[in-house]
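Visitor:
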Ligand SMILES: [Cu+2]
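Written out as structure tokens, the structure is:
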């Protein structure tokens with residue numbers, strides 16, 4: 003079997019793709035080799051530059067791995083794929099493999115146990131951020147792990163010594179997995195009927211989630227099920243697209259907040275320009291409505307090329323790991339036959355033809371949304387996978403994310419082979435596709451018989467009286483830190499030598515003393531020992547076994563991305579109007595809301611399996627880090 007040839011820009015990635023290690027309780031198969039064996043020895047076409055992370059697959063019900071967070075030094079493209087920038091970003095490695103553009107893809111199925119030992123090898127938190135940051139960005143190098151969308155226990159297995167953690171993310175801000183070697187054992191027991199689809203993992207340490215995910219701390223989880231065993235589905239080549247828009251300072255950016263090129267070290271980098279920098283659309287009509295958005299990478303590569311043969315069927319898994327921006331996916335002159343929304347399957351396809359001429363409505367993915375689609379390559383030629391423009395805010399402020407080219411698809415002449423000799427799928431799997439019973443509709447009678455409780459949650463950005471003083475404190479800190487010099491290189495040394503001086507400087511500016519490692523700001527702040535953000539974190543208390551109907555109201559022009567952990571949502575209404583119900587775990591709140599006339603999403607949810615606490619929040623993670631987050635506590639009767 004010839005080695006798969008993968009064209010990449012740097013050796014790090016190439017080495018990463020070649021690894022074929024075995025891990026303790028799972029098997030690692032480089033994606034290229036999987037394709038290779040399926041293709042009966044045909045290597046991917048030399049023009050193909052699409053790469054994907056290696057897959058680790060559960061064996062005998064178990065996938066057990068070590069995942070390590072550390073800095074990754076490499077190069078990444080900006081808008082121009084030929085222009086690459088040196089970067090030093092937080093990222094995941096696994097077992098003995100160093101960090102890369104993504105963690106490995108983890109492949110499991112209902113009934114499996116996924117064990118991840120998280121090792122935090124990031125450097126200690128920089129000194130000024132170990133102190134209280136008025137924008138709530140506290141510990142950029144303290145982390146934890148979240149399996150976005152998985153229906154699993156969110157608590158701690160306290161009977162285990164040492165402790166084992168479920169999908170636990172409600173770490174207090176003095177907790178978490180701390181830098182320089184702290185570890186935590188996560189254990190995810192997937193229910194036997196867990197639906198099949200794409201999920202992903204990323205940090206969710208409150209206050210640091212945006213900066214860590216907007217580095218490259220993320221990876222795919224594929225839950226397999228009966229749909230994957232359909233012969234046509236199994237034969238179709240699977241491409242996993244992690245859409246990424248890493249933030250990093252570069253010298254072409256007008257304002258890089260004093261951060262070294264290639265790095266992401268300040269919350270202001272992700273918060274002051276949440277859509278990022280990069281694509282300019284100044285020549286368009288209504289140019290001022292267009293936001294200067296980031297170019298999107300797919301698995302670390304800008305605008306990769308995918309080679310297919312005319313008539314070939316592939317299945318594509320889309321995961322929008324961006325922390326803020328939307329995607330609006332459309333493939334030129336082809337139909338995307340969607341069969342999962344997020345990780346939740348449907349028995350029929352929802353078809354998305356080329357949307358350029360049809361009002362521009364492709365597969366719209368908010369931050370955190372996923373989708374699976376089957377596509378069949380048409381006549382030979384070159385086609386573009388695009389993100390069409392998306393209006394992410396309307397009303398008093400209108401904001402449109404510009405369109406972008408995400409990938410190039412080259413469709414080759416069909417080989418003159420008999421159907422049974424072809425090494426790839428040519429048939430679109432027939433409906434109805436199998437789906438888990440877990441996804442049966444939540445009917446009126448089920449809702450009524452399980453309590454029928456309704457509740458409303460408001461998403462609103464509010465003014466904060468302390469913001470102005472927070473801003474002046476921030477600028478005081480910035481002054482101090484510019485005096486204190488660079489922080490990223492020798493953090494510990496600088497911590498020791500600069501802290502005393504920094505405290506003096508801050509005291510001079512604010513007129514208040516700085517004691518211990520706690521910075522005392524010149525205005526009243528909530529006390530330190532609380533979970534999440536005490537002043538404005540409320541808790542939704544739910545009884546185990548309840549079925550509830552929630553309406554999430556959006557008071558703002560911007561389309562916040564609502565996400566809730568543990569249990570998926572069965573969407574029933576948009577803006578109060580019934581829609582064809584569907585399952586998801588992340589949903590765009592319609593833009594254009596005002597306090598007088600909020601927009602809304604209504605869904606039903608079953609709280610059958612797991613007790614809390616866990617969280618709901620905006621998957622625009624900057625918003626979440628700033629406090630757009632609540633606890634959900636599910637308690638037994
Ligand atoms: Cu999540």
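In the numbering used here, the protein residues as written are 3 to 639.
Using N, Cα and C, we set each Cβ at its ideal position, and we do this for glycine too.
(1) What residue ranges within the region 381-444 form continuous beta strand (DSSP E) runs of no fewer than 3 residues, ordered along the chain?
(2) Bridge partners of residue 375, per DSSP?
(3) Find the nearest neighbour of residue 608 within the set 582, 591, 569, 563, judged by alpha-carbon distance.
(4) Apply the 10 Å Cβ neighbour rule to residue 82 and answer buried if 16 or more other Cβ atoms are within range, or exposed otherwise.
(5) Between the C-alpha atoms of residue 205 and residue 170, what's the straight-line distance to the nearest angstrom?
(6) In chain order, what residues of the same chain lie with their CB nearer than 7 Å to the CB of residue 211, ignoring the 5 residues before and after it?
(7) Give a yes or no on whether the C-beta atoms belonging to residue 357 and residue 330 are separated by under 9 Å.
(8) What first and last residue would you give for the beta strand (DSSP E) that runs through residue 352?
(9) Between the alpha carbons of residue 615 and residue 145, how many angstroms are there, rounded?
(10) With distances taken from each beta carbon to the nearest heavy atom of ligand 1, which residues come in below 6 Å, in chain order?
(11) Using the beta-carbon count (16 or more within 10 Å), is residue 363 buried or exposed?
(12) Using DSSP bridges, identify the partner residues of residue 461.
(13) I'd like to confirm the pairing. Which residues does DSSP put opposite residue 253 in its beta bridges?
(14) Just to check my reading of the structure: residue 597 and residue 557 have Cβ atoms closer than 8 Å, yes? What is that Cβ distance to the nearest angstrom?
(15) If distances are taken between C-alpha atoms only, which option among 152, 218, 304, 264 comes closest to residue 84?
(16) Could you tell me how far apart the beta carbons of residue 640 and residue 150 are, in whole angstroms, since I believe they sit closer than 8 Å?
(17) Might you give, ordered along the chain, the residues of its own chain that have their beta carbon closer than 6 Å to the beta carbon of residue 90, omitting 5 neighbours on each side?
(18) Could you tell me whether any Cβ in chain B is nearer than 9 Å to the Cβ of residue 172?
(19) Taking the beta carbon of residue 637 as the centre, do at least 16 other beta carbons fall within 10 Å, making it buried, or is it exposed?
(20) Going by DSSP, what residue range makes up the beta strand (DSSP E) through residue 235?
(21) Alpha carbon to alpha carbon, how far is residue 483 from residue 142?
(22) Let me confirm a value: residue 630 is counted as buried when at least 16 other C-beta atoms fall within 10 Å, else exposed. Which label applies?
(23) For residue 272, name the three-state secondary structure that DSSP assigns.
(24) By the DSSP assignment, the alpha helix (DSSP H) with residue 366 in it spans what residues?
(25) Using the beta-carbon count (16 or more within 10 Å), is residue 46 buried or exposed?
(26) Would you please state the rounded distance, in angstroms, between the beta carbons of residue 193 and residue 587? I believe it to be under 8 Å.
(27) Out of 154, 247, 443, 223, which one is the CA nearest neighbour of residue 79?
(28) Run through DSSP, which three-state label would residue 213 get?
(29) Just to confirm before moving on: does the CB-CB distance between residue 367 and residue 426 stay below 9 Å?
(30) Using CA coordinates, which residue listed in 231, 403, 66, 632 is at the minimum distance from residue 640?
(31) In three-state DSSP terms, what is residue 544?
(32) Take every Cβ of the region 414-429, pair it with every Cβ of the region 569-586, and state whether three or more of those distances are shorter than 8 Å.
(33) Relative to the C-alpha of residue 148, which candidate in 373, 292, 186 has its C-alpha closest?
(34) Report the rounded CA-to-CA distance for residue 291 versus residue 104, giving the unit in angstroms.
Guide: With the given structure in hand:
(1) Complete beta strand (DSSP E) runs here, min 3: 383-389, 392-395, 401-403, 406-414.
(2) 318, 340
(3) The residue with the shortest Cα to Cα distance from residue 608 is 569.
(4) By the Cβ-count criterion, residue 82 is exposed, with fewer than 16 other Cβ atoms from all chains shown falling within 10 Å of its own Cβ.
(5) 11 Å
(6) 205, 623, 626, 627
(7) Contact flag set, yes.
(8) 346-354
(9) 18 Å
(10) Put simply, the residues with a CB less than 6 Å from any heavy atom of ligand 1 are 148, 150, 565, 567, in chain order.
(11) exposed
(12) 556
(13) Within the DSSP secondary-structure output, residue 253 pairs in no beta bridge.
(14) 5 Å
(15) 304
(16) Any property of residue 640 remains undetermined from this structure, which presents the chain solely from 3 to 639.
(17) 73, 75, 264, 265
(18) The displayed structure is made up of one protein chain only, and chain B is not part of it.
(19) exposed
(20) Looking at the DSSP string, residue 235 is not in any beta strand (DSSP E); the run it does join, the alpha helix (DSSP H), is 233-237.
(21) Note on residue 483: pLDDT 49, under 50, position unreliable in the model; the coordinate value appears next. Cα to Cα, the separation comes out at about 16 Å.
(22) Buried, by the Cβ-count rule.
(23) helix
(24) Per DSSP, residue 366 belongs to no alpha helix (DSSP H); it is in the beta strand (DSSP E), 365-367.
(25) buried
(26) Contact flag wrong, Cβ pair sits at about 15 Å.
(27) 247
(28) helix
(29) no
(30) Since the displayed the chain opens at 3 and closes at 639, residue 640 lies outside it and no answer follows.
(31) strand
(32) no
(33) 186
(34) 33 Å
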